[in-house]
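Quick notes on the structure that follows.
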Amino acid sequence: MYSNVKDSKVGSGVTIYSFCNIYGCTIGDDTQVGSHVEIQRGAVIGKNCKISSHSFVCDGVTIKDDVFVGHGVMFINDRRPKSCNTDGTKQQEGDWILEKTTIEKGASIGSNATILCGITVGANAIVGAGSVVTKDVPPNSVVCGNPARTKGK
Numbered sequence: 094m095y096s097n098v099k100d101s102k103v104g105s106g107v108t109i110y111s112f113c114n115i116y117g118c119t120i121g122d123d124t125q126v127g128s129h130v131e132i133q134r135g136a137v138i139g140k141n142c143k144i145s146s147h148s149f150v151c152d153g154v155t156i157k158d159d160v161f162v163g164h165g166v167m168f169i170n171d172r173r174p175k176s177c178n179t180d181g182t183k184q185q186e187g188d189w190i191l192e193k194t195t196i197e198k199g200a201s202i203g204s205n206a207t208i209l210c211g212i213t214v215g216a217n218a219i220v221g222a223g224s225v226v227t228k229d230v231p232p233n234s235v236v237c238g239n240p241a242r243t244k245g246k
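Numbering of the sequence shown is given in this note's numbering, commencing with residue 94 and proceeding in unit increments.
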């Protein structure tokens, strides 16, 4: 059941569960999106992905094919978030710098991980549950912790 899907390109065989907020993004074929997920304008999700419940995928995030995103995963796209500019006006779209993040094919991100902006998680890498990823993750590696550190291959 689609909860709120606006202006998005959604591939065939996609399953989107209830209470999602999905707008202006692209979702590839045969991807599954769990309940209570938000996927923002400009995000790109590949095919055969699984985005688990309560996750947040913001503008600037590209998730390639065959990626697993656990429950409650948060992506960040602004290195210096603020509510207001120095003159007191509310920040608008042009008042901050969008930093892109890429999750390469076959990667897995454990539940409640936070992926900071401007990084790449390499192909087939595993990010442990609860990790905070602050720098690039090499392909085929396992990282965990806060900050996430390589623990093996």
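Every residue, glycine too, gets a C-beta built ideally from N, C-alpha and C.
Since the model is a prediction, treat every value here as computed from it, not as a measurement.
### Task
Closer than 8 Å by C-beta to Ser204: which residues in its own chain qualify, once you throw out the five before and the five after it? Chain order, please.
Closer than 8 Å at the Cβ level, and outside the excluded window around Ser204, lie Ser145, Gly163, His164, Gly165, Val166, Ala222 and Gly223.
### Task
Say whether the stretch 229–239 touches the stretch 198–215, bearing in mind that this needs 3 or more beta-carbon pairs closer than 8 Å, one atom from each stretch.
Using a Cβ-Cβ distance cut-off of 8 Å, the stretch 229–239 and the stretch 198–215 are in contact, since at least three pairs of beta carbons, one from each stretch, lie closer than that value.
### Task
Output the boundary residues of the beta strand (DSSP E) element that contains Arg134.
DSSP places Arg134 outside any beta strand (DSSP E), giving it a letter other than H or E.
### Query
What residue does the beta strand (DSSP E) around Arg242 start on, and which one ends it?
Element bounds for Arg242: Arg242 to Gly245.
### Query
Ordered along the chain, which non-local residues of its own chain (more than five positions away) have a Cβ less than 8 Å from that of Lys183?
These residues qualify, in order along the chain: Ser176 and Cys177.
### Proximity below 8 Å, CB of Ser105 to CB of Ile115
Ile115 sits away from Ser105, with the two beta carbons spaced by 8 Å or more.
### Query
What first and last residue would you give for the beta strand (DSSP E) that runs through Thr155?
Going by DSSP, Thr155 is part of the beta strand (DSSP E) stretching over Val154 to Ile156.
### Query
Whose CA, out of Gly199, Val98 and Pro240, lies closest to the CA of Arg134?
Per the Cα distances, Val98.
### Task
Keeping to the same chain, check which residues put their C-beta closer than 8 Å to that of Asp159; ignore five residues upstream and five downstream.
Annotation for Asp159: Gly139, Lys140, Asn141, Cys142, Lys198 and Gly199 place their beta carbon closer than 8 Å to its own, counting only its chain and skipping 5 residues before and after.
### Message
For Ile196 and Ile202, which I take to be in contact (beta-carbon distance under 8 Å), what is that distance rounded to the nearest angstrom?
### Response
Indeed they touch by this definition, with Cβ atoms about 7 Å apart.
### Residues near Ser128 by beta carbon distance below 6 Å, same chain, minus five either side
The beta carbon of Ser128 lies closer than 6 Å to those of Tyr110, Ser111, Phe112 and Ser146 in the same chain, with the five residues before and after it left out.
### Message
Considering only the alpha carbon of each residue, which of Gly238, Val225 and Ala241 lies closest to Ile169?
### Response
Relative to the Cα of Ile169, the nearest Cα in the group Gly238, Val225 and Ala241 belongs to Val225.
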